[in-house]
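Visitor: This structure is in C-alpha cells; I'll ask about it shortly.
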Amino acid sequence: MNLITLLGAGFGLMAVFLPLFFMCQKRFQNDGYLYLYGCLYILGLELIYKVLIQSRIILDVPVLYMTGRLHNLLVYPFLFLFVLSITNPVFKVKIWHRLLLCGFGFYALYVLLVALKIPTDDKLEMLRLFYQDKRPGPYDYWKNPISLLKSTLIPLAFLGLMGYHFYRFRKRSTDKPSARLLNILSLIIVVYFLFNQFSNLLYRMVHEVSGYSLVEWPVDIIFLSFLILLFSILALMVNTGSTLFPSAKYAGSALLSSSYQDIIERAKQMVEEGELYKREHLTLSELSTMVGTNSKYLSQSINAKLQCSFVDFVNGYRIEEAKRLMLDETNKSLTLEAIGGLAGFKSKSVFFRAFKKATGMTPNQFLKLQSGIDS
Numbered sequence: 015m016n017l018i019t020l021l022g023a024g025f026g027l028m029a030v031f032l033p034l035f036f037m038c039q040k041r042f043q044n045d046g047y048l049y050l051y052g053c054l055y056i057l058g059l060e061l062i063y064k065v066l067i068q069s070r071i072i073l074d075v076p077v078l079y080m081t082g083r084l085h086n087l088l089v090y091p092f093l094f095l096f097v098l099s100i101t102n103p104v105f106k107v108k109i110w111h112r113l114l115l116c117g118f119g120f121y122a123l124y125v126l127l128v129a130l131k132i133p134t135d136d137k138l139e140m141l142r143l144f145y146q147d148k149r150p151g152p153y154d155y156w157k158n159p160i161s162l163l164k165s166t167l168i169p170l171a172f173l174g175l176m177g178y179h180f181y182r183f184r185k186r187s188t189d190k191p192s193a194r195l196l197n198i199l200s201l202i203i204v205v206y207f208l209f210n211q212f213s214n215l216l217y218r219m220v221h222e223v224s225g226y227s228l229v230e231w232p233v234d235i236i237f238l239s240f241l242i243l244l245f246s247i248l249a250l251m252v253n254t255g256s257t258l259f260p261s262a263k264y265a266g267s268a269l270l271s272s273s274y275q276d277i278i279e280r281a282k283q284m285v286e287e288g289e290l291y292k293r294e295h296l297t298l299s300e301l302s303t304m305v306g307t308n309s310k311y312l313s314q315s316i317n318a319k320l321q322c323s324f325v326d327f328v329n330g331y332r333i334e335e336a337k338r339l340m341l342d343e344t345n346k347s348l349t350l351e352a353i354g355g356l357a358g359f360k361s362k363s364v365f366f367r368a369f370k371k372a373t374g375m376t377p378n379q380f381l382k383l384q385s386g387i388d389s
C-alpha cells in the first residue's frame, strides 16, 4: 500500500466506526445529527471501496467489485435531511422524507444486486481490462445523459432545496453558534457539489502532470479523506460540548441565547413557589407547560445557562430540601429513605446517588460532618 491508500483506509474506517460509536452511545436516538452520521457512514464506505480499487486488493475479493456506483446518490438525501433537522426547531420525519430515502435506497440496492449477479470470473476479467487501460486520462462521464442526471441534475435539485432552507434559517435566527454551523455546512456541501461537477477537469490537469491514467482514484481518495475529516471534526465538536456550535440536541433551535435567563427565572419561580420538586414524577414537559414554553427550549435554557440537565436542576432543589429535613431535630426518627421521599426522590438509591453527585458525599457522611461541626 502507498501513502494515499493508507490515508484513505484510515479515514474510511474512521468514517464507518465513528458514527456507530455516537449512535450506540445515544442508543440510536435522533439527536439532530443522525443524518450526519449516515452521511459519514456512506462516504466511509465509498472511500473504502476506492481504496480497494486503488490498492488492487479488489482482485482478491472480486465479489465486491461494483459495475455502478451506489454511494453517490445516497449522500444527497442524507445531507438534505441533515439540513432539515438542524434548520427546523422541531423536526419530524414525514412520509415523503421516508419515501425519499427509500427511493434512493432501492436504487442503491438495485445497483448492488445487479453487481452481485455478475459471475466472479467475469468480474476478474473486467478488472484485468480495467487495470490494463492506458487511456489518456479519465473519461468525461457527464457526457452520458444518465450520468448527467445522476451526477449533476439530481444533486443540483437537492442543492437548491438545501439553499432554500439555509436562507429561511438565516432570516429567523441570529444565534451565533447556529449561524457558524450553518456557514460551515454551506461551505462543505457546496465544495462537495463543485468537486463532483468539475472533477473531470481536475483529473485531466493531474493526468497531464503525472501521466497516470487512473488518476481519478487517488484524487477521489484524497478529497473524500479531507471531506470525512471535516465532517468528523464537526461531529466530535458537537458531541463533546464545544461552545462553537449548538450542541447535538439543539442544532435546529431558533431560541436566542438572550431568552435563556427569562425562561430560567420563570422555571425557578414555578418550582420554588409550588414546591414542584417534591413531585416524584415531575417531567420536563409538565414544567415547560407551566413556564409557557416548550420542552426543547426549557431543556436548552437549563443546559446552556446552568450547565446541567433538567434532572440535575430539579434534584438540586430536592437535595437542599433533604439537607433541611436531615438537620431538623423533629425529623430524627425518620430514616434517610423517608427523608429522600419527602424531598421528592422516588427511591433511596436515586436519593443517595444524586446527593453524592451534587455534594461529593453520601447523606450519612453529610450527617456525620454536620454532627462534628455542631459538637
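In our numbering, the protein residues as written are 15 to 389.
Beta carbons: idealized from backbone N, C-alpha and C, even for Gly.
(1) Note down the Cα distance separating residue 249 from residue 173, rounded to an integer number of angstroms.
(2) State the CB to CB distance for the pair residue 18 and residue 232, rounded to an integer number of angstroms; the pair is presumed to be in contact (CB under 8 Å).
(3) Is there contact between the segment 235-252 and the segment 19-33, where contact requires at least three CB pairs shorter than 8 Å?
(4) Indicate the three-state DSSP secondary structure (helix, strand or coil) for residue 101 in the structure shown.
(5) Candidates 382, 159, 75 and 316: which alpha carbon is nearest residue 337's?
(6) Can you look up residue 297 in the DSSP assignment and give me helix, strand or coil?
(7) Answer with buried or exposed for residue 68, where buried requires no fewer than 16 other C-beta atoms within 10 angstroms of its C-beta.
(8) Under 7 Å Cβ to Cβ from residue 367, same chain only, skipping five residues before and after it: list those, please.
(9) How is residue 307 classed by DSSP in three states: helix, strand or coil?
(10) Taking DSSP as the reference, what is the three-state secondary structure of residue 150?
(11) Note down the Cα distance separating residue 287 from residue 313, rounded to an integer number of angstroms.
(12) From 236, 353 and 323, pick the residue whose C-alpha is nearest to that of residue 371; which is it?
(13) When the distance is taken between beta carbons, is residue 91 closer than 8 Å to residue 120?
(14) For residue 291, which of 302, 333 and 320 has the nearest alpha-carbon?
(15) Rounding to the nearest angstrom, what Cα-Cα distance links residue 82 and residue 129 in this structure?
(16) By Cβ distance, which residues of its chain are closer than 6 Å to residue 52, with the 5 residues on each side in sequence left out?
(17) With H, G and I counted as helix, E and B as strand and the rest as coil, what does DSSP make of residue 107?
(18) Thinking just about the alpha-carbon of each residue, which of 70, 300, 184 and 299 is nearest to the one in residue 146?
(19) Between the segment 300-319 and the segment 354-364, are three or more C-beta pairs nearer than 8 Å?
(20) Let's test the definition: count the other Cβ atoms within 10 Å of the Cβ of residue 47 and tell me whether it reaches 16, buried, or not, exposed.
(21) Could you tell me the alpha carbon to alpha carbon distance between residue 282 and residue 170, rounded to whole angstroms?
(22) When you compare only the Cα positions, how much space is there between residue 87 and residue 247?
(23) In this structure, does DSSP put residue 210 in helix, strand or coil?
(24) DSSP state of residue 58, grouped into three classes?
(25) If you follow the alpha helix (DSSP H) that residue 322 is part of, which residue opens it and which one closes it?
(26) Please work out which residues of its chain come closer than 7 Å, Cβ to Cβ, to residue 284, disregarding the five sequence neighbours upstream and downstream, and give them in chain order.
(27) Taking the beta carbon of residue 335 as the centre, do at least 16 other beta carbons fall within 10 Å, making it buried, or is it exposed?
Guide: Reading from the atomic positions:
(1) 21 Å
(2) 5 Å
(3) yes
(4) helix
(5) 382
(6) coil
(7) buried
(8) none
(9) coil
(10) Because residue 150 carries a pLDDT of 49, less than 50, the predicted location of this residue cannot be relied on, and the following value inherits that uncertainty. Coil at residue 150, not helix or strand.
(11) 20 Å
(12) 323
(13) no
(14) 333
(15) 8 Å
(16) 92
(17) coil
(18) 70
(19) no
(20) buried
(21) 49 Å
(22) 23 Å
(23) helix
(24) helix
(25) From DSSP, residue 322 is part of no alpha helix (DSSP H); its letter is neither H nor E.
(26) 290, 301, 304 and 305
(27) buried
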